[in-house]
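One structure below.
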Amino acid sequence: MCFSNLVGPLEEIGFYGHPMAFLAPSSYGQPHALMINFQSYMDKMTIVVSADEGTVPNPHQLCDDIVESLRLIKHAVVTKGLA
């Protein structure tokens, strides 16, 4: 398991003069049944799930559950006046 607290770019970035519209974090060839990547870019969060469906039978539901959990966390933070 690996975590990083490095914030993604807050402003639009480019690659060889072309603006980046979307960043999709991923890794290839890792011997893990589940990888979850979070990438922030221009005040948006992208979640990428790579899953072995034999281990995680419904990865789409897992994504939906992660999104709902993040909504609940955000709501709790705002409700308590912490943001």
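Following UniProt numbering, the numbering of the sequence shown begins with 1 at its first residue and continues without gaps.
Note that CB positions come from ideal geometry on N, CA and C, so glycine has one too.
DSSP places Lys-74 within a helical segment (H, G or I) once states are collapsed to three. Counting C-beta atoms within 10 angstroms of its own C-beta, Tyr-41 has 16 or more neighbours from the protein chains shown and is therefore classed as buried. DSSP lists Ile-47 as the beta-bridge partner residues of Phe-38. DSSP lists His-18 as the bridge partner or partners of Phe-15. The residue among Tyr-16, Val-48 and Val-78 with its C-alpha nearest the C-alpha of Ser-26 is Val-48. The Cβ-Cβ distance between Leu-23 and Thr-55 does not fall below 9 Å.
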